[in-house]
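> Pasting a structure here, questions to come.
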Amino acid sequence: MPMSRNVRNALYGLFLVLLIILLVVLGRNWVLQATIKKAQQKFQGMNQMELSINGTRFVGLAQIHINQILLSNPQTDTLVQIDSLLLQLKIWELFKGTIRLKDLEAKHLTLNYRELATTAEGPSNNRLAAKVSQEESLNYSRILNRVLKTSFSMIPNRMQLANIRVNYITPEHRMVMECPQWELKNHQMEGRFSISKNGVTLPEFALSGTLDGSRKFMELRCSKTRDASVTVPIFEPRLGLGMQFDTLHFKVQVVSSTPNKVFFSGLFGISDLRLNHPKLAQEPVSFHEGSFQFQVTIENNSVEFDSASVVTFNKLVFSPYLHYQNQPRPRLEVKILPFGIQAGDLLSSLPDGLFTSFRGMEINGALKYNAQINIPLDDPDSLRAVSEVTNRGIAIQRFGTASLTQLNDTFTYQVYKDGRNTRSIFVGPGNPCFVGLDQVSPYLKNAVITSEDGGFFYHKGFDQEAIKHAIADNLKKGRFARGGSTITMQLVKNVFLTQQKTISRKMEEWMMVWLIENLNLTTKERMFEVYLNVIEWGPNIYGICEASEFYFDKSPMELTLNESIFLASIIPSPTRYKYTFDKEGNIRDFYFAFHRFLIETMLKREQITSEDTLNLLPDFELKGLAREFVSQTDSSPTDSTLREEPLELD
Numbered sequence: 022m023p024m025s026r027n028v029r030n031a032l033y034g035l036f037l038v039l040l041i042i043l044l045v046v047l048g049r050n051w052v053l054q055a056t057i058k059k060a061q062q063k064f065q066g067m068n069q070m071e072l073s074i075n076g077t078r079f080v081g082l083a084q085i086h087i088n089q090i091l092l093s094n095p096q097t098d099t100l101v102q103i104d105s106l107l108l109q110l111k112i113w114e115l116f117k118g119t120i121r122l123k124d125l126e127a128k129h130l131t132l133n134y135r136e137l138a139t140t141a142e143g144p145s146n147n148r149l150a151a152k153v154s155q156e157e158s159l160n161y162s163r164i165l166n167r168v169l170k171t172s173f174s175m176i177p178n179r180m181q182l183a184n185i186r187v188n189y190i191t192p193e194h195r196m197v198m199e200c201p202q203w204e205l206k207n208h209q210m211e212g213r214f215s216i217s218k219n220g221v222t223l224p225e226f227a228l229s230g231t232l233d234g235s236r237k238f239m240e241l242r243c244s245k246t247r248d249a250s251v252t253v254p255i256f257e258p259r260l261g262l263g264m265q266f267d268t269l270h271f272k273v274q275v276v277s278s279t280p281n282k283v284f285f286s287g288l289f290g291i292s293d294l295r296l297n298h299p300k301l302a303q304e305p306v307s308f309h310e311g312s313f314q315f316q317v318t319i320e321n322n323s324v325e326f327d328s329a330s331v332v333t334f335n336k337l338v339f340s341p342y343l344h345y346q347n348q349p350r351p352r353l354e355v356k357i358l359p360f361g362i363q364a365g366d367l368l369s370s371l372p373d374g375l376f377t378s379f380r381g382m383e384i385n386g387a388l389k390y391n392a393q394i395n396i397p398l399d400d401p402d403s404l405r406a407v408s409e410v411t412n413r414g415i416a417i418q419r420f421g422t423a424s425l426t427q428l429n430d431t432f433t434y435q436v437y438k439d440g441r442n443t444r445s446i447f448v449g450p451g452n453p454c455f456v457g458l459d460q461v462s463p464y465l466k467n468a469v470i471t472s473e474d475g476g477f478f479y480h481k482g483f484d485q486e487a488i489k490h491a492i493a494d495n496l497k498k499g500r501f502a503r504g505g506s507t508i509t510m511q512l513v514k515n516v517f518l519t520q521q522k523t524i525s526r527k528m529e530e531w532m533m534v535w536l537i538e539n540l541n542l543t544t545k546e547r548m549f550e551v552y553l554n555v556i557e558w559g560p561n562i563y564g565i566c567e568a569s570e571f572y573f574d575k576s577p578m579e580l581t582l583n584e585s586i587f588l589a590s591i592i593p594s595p596t597r598y599k600y601t602f603d604k605e606g607n608i609r610d611f612y613f614a615f616h617r618f619l620i621e622t623m624l625k626r627e628q629i630t631s632e633d634t635l636n637l638l639p640d641f642e643l644k645g646l647a648r649e650f651v652s653q654t655d656s657s658p659t660d661s662t663l664r665e666e667p668l669e670l671d
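Right, dumping it as structure tokens:
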């Protein structure tokens, strides 16, 4: 009896399936060995790394067992070691010609990272240009799509890692992170980790979350398991940053993805964060609660954080915007959209350890803030920047540890050097060396204003143009090379704050300056008068009275134009006045340019007349003790809006 066509087709189909299975079974070892060889060649080309595998075998149709995997670099150490790896492949994906993992089990997984001592690179004046050139050829959306496709497609349904150990070794430190078991099942992952630093065991923490490759979604939660906070020692060896927190929450969702555009959203949140770094503040800084909800679009040549993103820090809430492009011209734009906040809420939201001078302050009213900066990275000098704070009835009811109206009365100025109180100076008529503005040569007053802060009598404590020039210069040099501090900033730093070069001190300085200038707590004339009487002008020389006597053996009112310009020139680094002269006592060439610049600027501003400059040469004679005094110790340079001295948060 002849077979029906349907039966015959079914048999043909079955035969074809069996043939494919037979080919897969017979050829799988060859495919596996070819894949391993390809991987070994790839690693060999990456910094001469070597991949070795002790043995492989198939268990069943689609299960692979691999023994003793070693990835090493002859110059450092074994980077990765896995004693046993069991992979369960998705069988139907094999028939499609793709490899997808169903299950993954690894035992005794060890990762080693050894940081070798390196020689620091010298400063570069072309860092920004080099970075821009490197970025121009990158296609961000293509790179991200490749990463997303590879990472999410390789996530197995179930993953179990037993006895994980990560070693991080530097010349000074050794850190070890261990996890007895980390498991992913039904998109949920969980594990407990412990860290030791130089043999000292730190508190254990839990890491859990969701990982769903089909939805392109990931969520991580890191939290303490007992009363002790989570300690993050990884930043300390290189950055010197101590970090602790109670909980950390991160999630990201790829919303849409095309070859030319990737859009994703997410959240980063952290609670009870504590940071400790000598450049941040003198004491540990605590952040109670903060989060960043972000929406990001990545296209071929640009990255954008949408203005729908929201930053929340205690009661402070605002929306940032960021756009970076590398073509056709590299450009960076950053905005903080306008937002308002009650002044009291702002103070209560400040981190503990920062703004210590404001502890106990009571303040009413509100303020509104917005900012924008647009930087053509191939031409930083043409950047545009705006930062605006609007006062809405702010009134101080009680000062904190620093009384900002202190400048209006007599007070004692405490001089600190290297953290030690070295001198006390009474600021007021009771001091025979105190001079009022009317007792100072107009040449000196105008030279100092022109040199340090040309817009002092017109701005509100912040010189926008000077700040823009400072940002551009710092970008070009790849370091803090210029500060842009105004006279008000310098005065606040000297009178109310320490000489510590910390971010905390700089932020306190800015806030004090804004309050003093915008609430009219002190007149400009009084600020300038105090400034001239307290700033350092040489080795243990403070105020214009001591300076005019030390350098020229005369009173401040008797100073000539040339003498005034010299005194203005040394304000940024007062104890280095001797470097204005060579070994023979002649004025160095760099001073001529400064002298010419100040003369030209003062003429334009009609602070001097052409008669003042007749037959005027940049020449003067030291007549006081400075003539024989030689300083061996440099002081912290006073920042200004004109000078280009190293800033380092000064």
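Residues 22 to 671 (my numbering) make up the sequence shown, in order.
Even for Gly, the Cβ is constructed at its ideal location relative to N, Cα and C.
1) To the nearest angstrom, report how far apart Leu92 and Asn133 are at their CA atoms.
2) Specify, as a first and last residue, the run of the alpha helix (DSSP H) that Gln485 falls within.
3) Measuring alpha carbon to alpha carbon, tell me which residue in Asp633, Leu367, Asp574 is nearest Leu646.
4) Mind reading off the beta-carbon distance from Leu106 to Ala127? Whole number of angstroms is fine, and I expect it under 8 Å.
5) From which residue to which residue does the beta strand (DSSP E) around Lys527 run?
6) If you follow the beta strand (DSSP E) that Asn88 is in, where does it begin and where does it stop?
7) Excluding five sequence neighbours on each side, which residues of the same chain lie with their C-beta closer than 7 Å to the C-beta of Pro372?
8) By the 10 Å Cβ neighbour count, where 16 or more other Cβ atoms means buried, how is Gly287 classified, buried or exposed?
9) Roughly how many whole angstroms lie between the Cα atoms of Glu225 and Tyr598?
10) Leaving out five residues on either side along the sequence, give the residues of the same chain with a beta carbon under 7 Å from the beta carbon of Lys644.
11) Just verifying my parser: in three-state terms, what is the DSSP assignment at Cys566?
12) Tell me whether the beta-carbon of Gly212 lies closer than 8 Å to the beta-carbon of Glu199.
13) Use the C-beta contact count for Gly451: other C-beta atoms within 10 angstroms, 16 or more gives buried, fewer gives exposed.
14) Buried or exposed: which applies to Leu638, given that a residue is buried once 16 or more other Cβ atoms fall within 10 Å of its Cβ?
15) Kindly give me the distance between the Cβ atoms of Leu223 and Leu241, rounded to whole angstroms, as I take these residues to be in contact under 8 Å.
16) Compare the Cα-Cα distances from Glu530 to each of Ile319, Gly482, Lys545 and report the closest residue.
17) Return the chain-ordered ranges of every beta strand (DSSP E) run that is complete within the stretch 553-626 and spans a minimum of 3 residues.
18) On the CB-based measure, 16 or more other CB atoms within 10 Å of its CB, does Ala249 come out buried or exposed?
19) Since Ser312 contacts Phe289 with CB under 8 Å, what's their CB separation in whole angstroms?
20) In angstroms, rounded to a whole number, what distance separates the CA positions of Val420 and Lys206?
21) State the DSSP-derived secondary structure class of Gln427, mapped to helix, strand or coil.
22) Does the structure place the stretch 615-629 close enough to the stretch 469-477 that three or more beta carbon pairs sit under 8 Å?
23) Helix, strand or coil for Gln181? Go by DSSP, reduced to three states.
24) Under 6 Å Cβ to Cβ from Arg380, same chain only, skipping five residues before and after it: list those, please.
25) Whole angstroms is fine: what's the gap from Ala487's alpha carbon to Asp98's?
26) Could you give the DSSP three-state label for Phe376: helix, strand or coil?
27) Mind checking who Met198 pairs with in its DSSP beta bridge?
28) Could you tell me the distance, in whole angstroms, from the CA atom of Lys237 to the CA atom of Val283?
29) Near Ile87, which residues of its chain fall below 7 Å by C-beta distance, leaving aside the five closest residues on each side in sequence?
30) Which value, in whole angstroms, describes the spacing of the CA atoms of Ile216 and Lys170?
31) Run through the stretch 241-265 for me and flag every whole beta strand (DSSP E) of 3 or more residues, listed as ranges in chain order.
32) Quick check on Tyr437: does DSSP put it in helix, strand or coil?
33) Tell me, please, which residues DSSP counts as bridged to Asp459.
34) What's the C-alpha gap between Tyr161 and Leu358?
35) Near Lys111, what residues of its chain come up, given a Cβ to Cβ distance below 6 Å and the 5 sequence neighbours on each side ignored?
36) Hey, does Glu325 have any beta-carbon neighbour from chain D nearer than 8 Å?
Considering the structure as presented:
1) Between Leu92 and Asn133, the C-alpha separation is close to 10 Å.
2) Where Gln485 is concerned, the enclosing alpha helix (DSSP H) stretches over 485-498.
3) For the residues Asp633, Leu367, Asp574, the minimum Cα distance to Leu646 belongs to Asp574.
4) The Cβ separation is near 5 Å, so the contact holds.
5) Segment 524-539 is the alpha helix (DSSP H) holding Lys527; no beta strand (DSSP E) there.
6) Judged by DSSP secondary structure, Asn88 falls within the beta strand (DSSP E) whose first and last residues are 84-93.
7) Within the same chain, Pro372 has close Cβ partners Val306, Ser307, Phe308.
8) Classification for Gly287: buried.
9) Whole-angstrom Cα-Cα distance: 56 Å.
10) A distance below 7 Å between beta-carbons, with the five flanking residues on each side excluded, links Lys644 to the following residues of its chain, in chain order: Phe573, Asp574.
11) Helix at Cys566.
12) No; because the gap between Cβ atoms is not below 8 Å, this pair is not in contact.
13) With fewer than 16 other Cβ atoms within 10 Å, it is exposed.
14) By the Cβ-count criterion, Leu638 is exposed, with fewer than 16 other Cβ atoms from all chains shown falling within 10 Å of its own Cβ.
15) With 8 Å as the limit, Leu223 and Leu241 do not qualify as a contact, their Cβ atoms being about 19 Å apart.
16) Glu530 has its Cα closest to that of Gly482, out of Ile319, Gly482, Lys545.
17) 557-559, all fully within the stretch 553-626.
18) Answer is exposed; the Cβ neighbour count stays below 16.
19) About 7 Å separates the two Cβ atoms, so the contact holds.
20) The displayed chain sequence assigns Phe, not Val, to residue 420. One C-alpha to the other measures close to 57 Å.
21) In the three-state DSSP reduction, Gln427 falls in the helix class (H, G or I).
22) Contact between the stretch 469-477 and the stretch 615-629 is present, because at least three Cβ pairs lie under 8 Å.
23) Gln181 falls in the strand class under three-state DSSP.
24) By the criterion of a C-beta distance shorter than 6 Å, Arg380 is surrounded in its chain by Gly421, Thr422, once the five residues flanking it on both sides are discounted.
25) Linking Ala487 to Asp98 through their CA atoms gives a straight-line distance of about 50 Å.
26) Note: Phe376 maps to coil in three-state DSSP.
27) According to DSSP, which records beta bridges pairwise, Met198 is partnered with Val187, Ile216.
28) In a straight line, the C-alpha of Lys237 is about 12 Å away from that of Val283.
29) For Ile87, where only same-chain residues beyond five positions count, the Cβ hits under 7 Å are Ile74, Thr77, Leu106.
30) Cα to Cα, Ile216 sits roughly 32 Å from Lys170.
31) Here the runs fully enclosed are 251-253.
32) Here Tyr437 sits in strand by DSSP.
33) Answer is none; Asp459 lacks a bridge partner.
34) Each residue's alpha carbon lies about 26 Å from the other.
35) The answer, listed in chain order, is Arg121, Lys123.
36) Looking at the structure shown, chain D is missing, and only one protein chain is on hand.
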